[in-house]
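The structure appears below as structure tokens.
Protein chains: 2
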Amino acid sequence: MKKKIVIIGGVAAGMSAAAKARRTDPDADIRVYTDGEHISYAGCGLPYFIGGKIASEEKLFARTVADFAEQDIAVKILSRAEEISPEKGTVRIRDLAGGMTYEDRYDRLILASGARSFAPPMEGADLEGVFSLRTVRDSLRIKTFLQTRRPREIAIIGGGYIALEMAENFVDLGCRVSIVERGSHIIPNMDEDMATVMQRYLESKGIAVHTGRAVRGFFGTQTVGGVHTDKGDIPADFVLLAIGVVPNSELAASAGIDLGVKNAIRVNERAETNLEGVYAAGDCATVTHLLTGKETYIPLGTTSNKQGKAAGENAAGGNAAFHGVIGTGIARAIEMEVSRTGLGEKECQAAGIAYVARRIKADTAAHYCPASREVYLKLIAEASGHRLLGAQIVGYEGAAMRIDMLATAITVGATVEQLLDMDLAYSPPFSPVWDPVLVALNQF
Amino acid sequence: MKKKIVIIGGVAAGMSAAAKARRTDPDADIRVYTDGEHISYAGCGLPYFIGGKIASEEKLFARTVADFAEQDIAVKILSRAEEISPEKGTVRIRDLAGGMTYEDRYDRLILASGARSFAPPMEGADLEGVFSLRTVRDSLRIKTFLQTRRPREIAIIGGGYIALEMAENFVDLGCRVSIVERGSHIIPNMDEDMATVMQRYLESKGIAVHTGRAVRGFFGTQTVGGVHTDKGDIPADFVLLAIGVVPNSELAASAGIDLGVKNAIRVNERAETNLEGVYAAGDCATVTHLLTGKETYIPLGTTSNKQGKAAGENAAGGNAAFHGVIGTGIARAIEMEVSRTGLGEKECQAAGIAYVARRIKADTAAHYCPASREVYLKLIAEASGHRLLGAQIVGYEGAAMRIDMLATAITVGATVEQLLDMDLAYSPPFSPVWDPVLVALNQF
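Sequence lines, in order, name chains E and D.
Residue numbers in the first sequence follow our numbering, run continuously in steps of one, and reach 445 at the last position.
Residue numbers in the second sequence follow our numbering, run continuously in steps of one, and reach 445 at the last position.
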């Protein structure tokens, strides 16, 4: 008899799982349920869609329901999973269009229910013009609001990657932008000395960056007029909540599935939950941090694809492992780029790791090339033995992607001394004769 | 008594050696002789200087004679070393301005005499309009010729990196460009399947690429009118010889210093020659290929800096090693980039290494981003164990610098399997969710 694999969730992890399950078992009955109307969309592209850099909505969709049907993968949109009954091996689905519910049986279940924007209960959060950005639907609502109401004063609550990307796109649209961050610096997953380079750049572009300010709520009549903070009001006729996401794990929890850090669904490296035959992957699930060995929650599209692929392969009878992440991230705001990988200074301190950090300022290309611009690069290594633990970069075009060199080095456990004389690519338009990475390595 | 360190050569290796010797021994008497009039210049920048992308000659100079004097390093320009007497510990110097010769004593001698353009004796090579490009003086002569004679038909002899860079700059200047390469494909240090991607691109930009054609000489009356090849003539009112360089090692050889592959001065990883107290570094010296373990000759600015630094440190009493290279290279022609590291297929075959190669075509950024363009990436790994041996990239903006990730991996001996699930940076303007490197790794 055919194995029946049911997948809950139709974006990165869910559709990666479905495609890999099909490749692993050509005969399996594979069914995907999603409560959304769009599948397999590029969530990370939404800021650029809002900014008009991606011309049409269609470009955001990697593959359609029809594409998956050709692979004999049945995708049911607008179909919400409401209850899992592990003892019966069934899921209760609500058809959001018709309103009816029905049960479906599974041999293997993959939870890829994603995450939702974190929106703490705050006064005025229901005013018109207060948005979060997670789905294609969110982006369409925002685009409509921007086109019909033409807001000029944008307040972005939260100072992470989404804030940087949306700041760029709002500036492109001719808006004034404020960023309101509760912590002492923007980009919470970077160290303060690096994050402040980006902060100064944003300010030089006319973006108001308010750090150390807690949002109390929003004011306005019907439409938002501004943000109440603990240190005064900030006028705004558009507010974007970008203070992070929380995993959609309630359905799993109520079925007796263990949750882990930050209430994400706890999985092992095979993407298995504590219930046999039930897998989880993507923004709803935990992942192992390869440097600390600890369970963590870092929802990202790349991880969703890899973990979803492992879940799909294993659910279909394969034997795949997704070992974990090292916390690599990258973002751009206008012309300045940031990236990071591994552990930052704060994380080393929290983990009780004795480390050495070195920071340099260098050029992205040969100093005499017009394209050459400044880059700041920080490396963090174990105090004893100098194994690389982390890296952070802030700089102009060409700066940030150098993080992948360091992610590679960290992945294989390289030490500073192994890399000191590395034979890196050199040609004037691409790098100085001593690449910034080599300059930094030579500071240890 | 102060140690006296004499350095012959004032560009990358020589001046790196001088600077490092000074940092290692603050008291040493350090003297640099160079037969040129310019020191510490950016040889790799000359194509862009000719093309006008680097506005002024001054920008090419990293540091001046006065800068070095401030560090108490004496630099004598227009001073040619004519003879080394190891038994006496002296060098005979000719003052090219005054014509006199004199002897100078050394405790430690560093040979950093560089390389010169290879120019086989050919009929018509002395015609006006036939140039090679190695020094600032060459570039000034070429600029003058371009400005006064306004050539329109450029023939570049040789199809390596310099040809690509000069093709870009001549196209920018509005010239028609032909590239004449004796081998079966351009970019001899890449595999044919990758090199032909660049070749098709150049042709799409109106550049004539003639492969498999041997140059017999040049014709013209006083000024060059074209190139004789074994398969017919190619009209040209400007010819650039870019068929490689040969090491300036004759002075060393006549002093009893061993030469190695391609007549480069043989050095060990401490940059020592066979004569005690005599070091060599840069484009005049050999270097170890870290993958084959063999002596090789790959003259490059990055290597000159690193090897020069080691020579300077050791001559001043330190204990430095420069272990070698893996053959990393990068170049751009207009909008297309190429890069390579490690061993290519031909090199594996020549070395008798059983290998597996995988080639993919992918995108440089998320498919829906306007900046996303195509990239071809090839990985080569040992057949048994899958240790990475080499990588080659051809593609549009953002493609080629990914080679540094693979250079890092090869440097530390990583296997394909160690890197399969690497946590690389992802954001739509920078990469697709599966970076091309991960796509290629997943083909093994």
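No residue lacks a Cβ here, since even glycine has one placed at the ideal position from N, Cα and C.
Computed from a prediction, not measured in an experiment: that's the story for all the values here.
The Cβ atoms of S118(E) and V246(E) lie closer than 7 angstroms to each other. Under DSSP, K379(D) shares a beta bridge with R360(D), Q393(D). One finds D422 in chain E with Cβ atoms closer than 9 angstroms to the Cβ of H324(D), taken in chain order. The beta-carbon separation of V417(E) and L389(E), rounded to 6 angstroms, stays under the 8 angstroms limit for a contact. At a cut-off of 7 angstroms between beta-carbon atoms, D405(D) makes contact with chain E. Here the alpha carbons of R109(D) and A316(D) stand approximately 6 angstroms from one another.
Residue pairing by DSSP places G184(D) in no beta bridge whatsoever. Neighbours of A116(E) in chain D, taken as residues at a C-beta separation under 7 angstroms, are lacking, since the least C-beta distance is about 16 angstroms.
Proximity of V434(D) to chain E, defined by a Cβ-Cβ separation below 7 angstroms, is satisfied. When DSSP reads this structure, F220(D) sits in a beta bridge with G227(D). For R183(E), same chain residues with a beta-carbon under 7 angstroms away, outside a window of 5 residues either side, are R214, A215 in chain order. Those residues of the region 41–69 of chain D placed with their C-beta closer than 7 angstroms to a C-beta in chain E are A43, C45, G46, Y49, K54, I55, K60, L61, ordered along the chain. Interface flag for V413(D) against chain E is set, since a Cβ pair is found closer than 7 angstroms. Taken in chain order, the complete beta strand (DSSP E) segments of 3 residues or longer contained in the region 116–141 of chain D are 116–118, 131–133.
In this structure G294(D) is exposed. Its beta-carbon is surrounded by fewer than 16 other beta-carbon atoms within 10 angstroms. Under a criterion of Cβ atoms nearer than 8 angstroms, the residues of chain E adjacent to C370(D) are, in order, G46, Y49, K54, I55. In the DSSP assignment, D234(E) falls within the unbroken beta strand (DSSP E) covering 233–236.
For E338(D), the enclosing beta strand (DSSP E) covers residues 337–343.
Here the alpha carbon of F69(E) sits roughly 13 angstroms from the alpha carbon of P27(E). Relative to M167(D), the option among R138(D), F431(D), D105(D), K54(D) whose CA is nearest is K54(D). Under the DSSP assignment, L203(D) falls in the alpha helix (DSSP H) whose first and last residues are 193–205. As computed with DSSP, G330(D) is found in a beta bridge with R341(D). Look at Q308(E): its C-beta is not under 7 angstroms from any C-beta on chain D.
Contacts with chain E at 7 angstroms (Cβ-Cβ) include T303(D).
The region 5–15 of chain E and the region 279–287 of chain E touch, with three or more beta-carbon pairs separated by less than 8 angstroms.
Using a Cβ-Cβ distance cut-off of 8 angstroms, the region 299–311 of chain E and the region 338–355 of chain E are not in contact, since fewer than three pairs of beta carbons, one from each stretch, lie closer than that value. Within the same chain, and ignoring the five residues on either side of G218(E) in sequence, the residues whose Cβ sits closer than 6 angstroms to its Cβ are M123, E124, G125, H229. Beta bridge pairing from DSSP links S179(E) with A156(E), A209(E). Under the Cβ criterion of 7 angstroms, I163(E) is not counted among the residues facing chain D. For the pair K263(E) and Y298(E), the CB atoms are nearer than the 7 angstroms cut-off.
At a cut-off of 7 angstroms between C-beta atoms, I258(E) does not count as an interface residue with respect to chain D. In terms of Cα proximity to A63(E), the closest of P433(D), N443(D), F445(D) is P433(D). Under the three-state reduction of DSSP, D108(E) is assigned to coil, being neither helix nor strand.
In chain E, no part has a C-beta under 9 angstroms from the C-beta of L241(D); the shortest such distance is about 18 angstroms.
Going by C-alpha positions, G391(D) is about 38 angstroms away from T65(D). Taking a cut-off of 8 angstroms for Cβ pairs, the region 170–184 of chain E and the region 142–157 of chain E touch, as three or more such pairs fall below it.
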